[in-house]
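Asker: Structure incoming, see below.
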Amino acid sequence: MSAPVALRKLSDQTVFRKGDVFVLFGELFGRGYANGLVNEARAAGMTLIGMTVGRREADGSLRRLNEEELATAEANLGGRIINVPMMAGFDLDAPAGTPTVTAMANEMGLKTWQEDKLDWAQVEACRALGVARFKAAVSEAMSQLEGMIPAGANVFFAHTMAGGLIKAKVFLAIANRIYKGRGERFMSSRALIESDLGKLNLMNFDEVTANTFQYLIDGSEAIRAKVETAGQSVRYTAYGYHGTEILIGGEYHWQTYTNYTQGYAKKRLEDIARAAWDKGVKATVFNCPEIRTNSSDIFVGVELSLVPLLNALKREGCSAWGEAQWAACQALLQDGHSLDAVLAQLDAYNQDPVMVGFRNFDAWPMDNTPELADRMIGTAESITALHRDGKALITDHLSALVIEATGPLMFNEAAQPSAPVLWLSHDVIAKQLAKLHA
Ligand SMILES: NC(=O)c1ccc[n+]([C@@H]2O[C@H](COP(=O)([O-])OP(=O)(O)OC[C@H]3O[C@@H](n4cnc5c(N)ncnc54)[C@H](O)[C@@H]3O)[C@@H](O)[C@H]2O)c1
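Okay, structure coming up:
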């Protein structure tokens, strides 16, 4: 049986310093994971450079940011943005006069989608076009970037791209049921991935979530050669997800959100890092804990594994600061409900035989079942209902702490990475927080 390769110790940062260059490959959102790394790079005095996915016109065409959008994005990052639209995936690309895959998916019916077939030759034509467009954008962005890297600088590339849901009406309705439905509204994730519609989505996830890391590594080859020839270093990081070890019954156990349909793409992302590593490129995928962000909010229940981080804060010596986090979380609950009771409920949920059945690392990503959806979505809804304000959740508070911890964990480890794929679990997250707030 294989097992996650966990980062257990806090590393020291030995490479990056003032004047080095930090490149964010993806856009920066307020609640996103990338904030952790960006904050570290800023604190180290690095020059921040960002990318953009561009914006879509009403007719679906992709354009650069206008002046106002560019100024907002640059202010948000605190650095220059290379204004080349880097939208990944092929959902809205098609040879002139032919339908996009989104238009093709829109022809499918809510009752017939499991049998509806796609024209795979047309899908392939769209995919080839989308990939060529993205690679050309990377090439243009990298040539601009090359001119922005001062002699003698080290370069840190942080990949953050993930996504690729085909935004067709029928699929959005299905996704709502797979990720949020239980009881009568339950829908099987296996049924989806065995359909043409599901296969199309998996292909687009691969493009956005995984292959973009390869295109970044390939597209920055000339920069890497130049920087390394000058005696400096280039590093690549990406955010993975492949389950997390959390405290269950007083011990750390690996567990996962199910069904994580994007998991196939995340495994591919890991393989890309391993292959690059074998060629001497220091690329590391950091598999990170479940948190609530713009991208993860669709997965109801993904946040449940975050709450036991509070126990890890105690276990790993967060002392007075840790107690303040408990108090802050307790204050988010309505009167008459205790954090201890919520944690006890989640511990029982995590030891429920149905949930234990999904703790199978080798079988990941497993399909959902009605029993799983019932417990997970039911538990998520019942815990959310205990809060004073549905928009100020314990998991919002804890998500910010996880982002804060992943910043130094990834930034420091990436300087001298020990492996191409590393898991950041609740133990090391809590240890890092203890150090930051000692
Ligand atoms: N939220 C979680 O629980 C969690 C857990 C582990 C790993 N991650 C990973 O962390 C990374 C950042 O995600 P986040 O959860 O912070 O959310 P986020 O919404 O802040 O970030 C998503 C990123 O993907 C980019 N993106 C989305 N669609 C794109 C497209 N079509 N083309 C190019 N770029 C696109 C966005 O620009 C943004 O940079 C992702 O790789 C995600 O899978 C998230």
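Taking my numbering, the leading residue of the sequence shown gets 879, the next gets one more, and so forth.
We put the beta carbon where it would ideally sit given N, CA and C, even for glycine.
1. By Cβ distance, which residues of its chain are closer than 8 Å to V1280, with the 5 residues on each side in sequence left out?
2. Since L1300 is in the beta strand (DSSP E), which residue starts that stretch and which ends it?
3. Run through the DSSP bridge pairs and tell me what Y1227 is partnered with.
4. Take R1266 as the anchor and find which of S1303, A1003, G1214 has the nearest alpha-carbon.
5. What did DSSP end up calling F1091 once you bin it into helix, strand or coil?
6. So does V931 have its beta carbon nearer than 7 Å to some heavy atom of ligand 1?
7. Counting only the same chain and skipping the five closest in sequence on each side, list residues whose C-beta sits under 8 Å from that of N913.
8. Near ligand 1, which residues have their beta-carbon closer than 5 Å to a heavy atom?
9. Can you grab the Cα-Cα spacing for the pair D1240 / R958, in whole Å?
10. Using 10 angstroms around the beta-carbon of N1172, count the other beta-carbons present and answer buried if the total reaches 16, otherwise exposed.
11. Please list the terminal residues of the continuous beta strand (DSSP E) segment that includes R1113.
12. For L1080 and R941, I'd like the C-alpha separation in whole angstroms.
13. Measuring only the C-alpha atoms, how far is G938 from T1139?
14. When you compare the CB positions of V899 and V1033, do they come within less than 8 Å of one another, or not?
15. Could you check whether I1071 and V1159 sit closer than 8 Å to each other, using their CB atoms as the reference points?
16. In the region 951-1017, which residue ranges form an unbroken alpha helix (DSSP H) of at least 4 residues, counting only runs that do not cross its ends?
17. Between E1341 and the rest of its own chain, which residues show a CB-CB distance below 7 Å, the 5 nearest in sequence each way excluded?
18. Let me know the alpha helix (DSSP H) ranges lying completely inside the region 1192-1239, each 4 residues or longer, listed in chain order.
19. Near L1210, which residues of its chain fall below 8 Å by C-beta distance, leaving aside the five closest residues on each side in sequence?
20. If you count every other CB in all the chains shown that lies within 10 Å of the CB of A1029, and 16 or more means buried, which is it?
21. Rounding to the nearest angstrom, what Cα-Cα distance links R1005 and P1243 in this structure?
Answerer: Let me spell this out:
1. C1166, P1167, I1169, L1184, L1187, I1307
2. 1299-1301
3. Paired residue(s): none; Y1227 is not in a bridge.
4. Considering only alpha carbons, the answer is G1214.
5. If DSSP states are grouped into helix, strand and coil, F1091 belongs with the helices.
6. yes
7. L906, I1281, G1285
8. G904, E905, F907, G910, Y911, V931, M965, A966, G967, T1038, M1039, A1040, G1041, V1086, Y1117, Y1119, C1166, E1168, I1169, T1171, N1172, S1173, S1174
9. 42 Å
10. exposed
11. 1112-1118
12. 26 Å
13. 26 Å
14. Cβ distance < 8 Å, so V899 and V1033 count as in contact.
15. In this structure, V1159 keeps its C-beta atom at 8 Å or more from the C-beta atom of I1071.
16. 979-984
17. Because the chain is modelled from 879 through 1316, residue 1341 falls outside the range shown and cannot be assessed.
18. Fully enclosed alpha helix (DSSP H) runs of 4 or longer: 1197-1208, 1217-1229, 1231-1234.
19. The answer, listed in chain order, is H1265, R1266, D1267, A1270, L1271, I1272, H1275.
20. exposed
21. 25 Å
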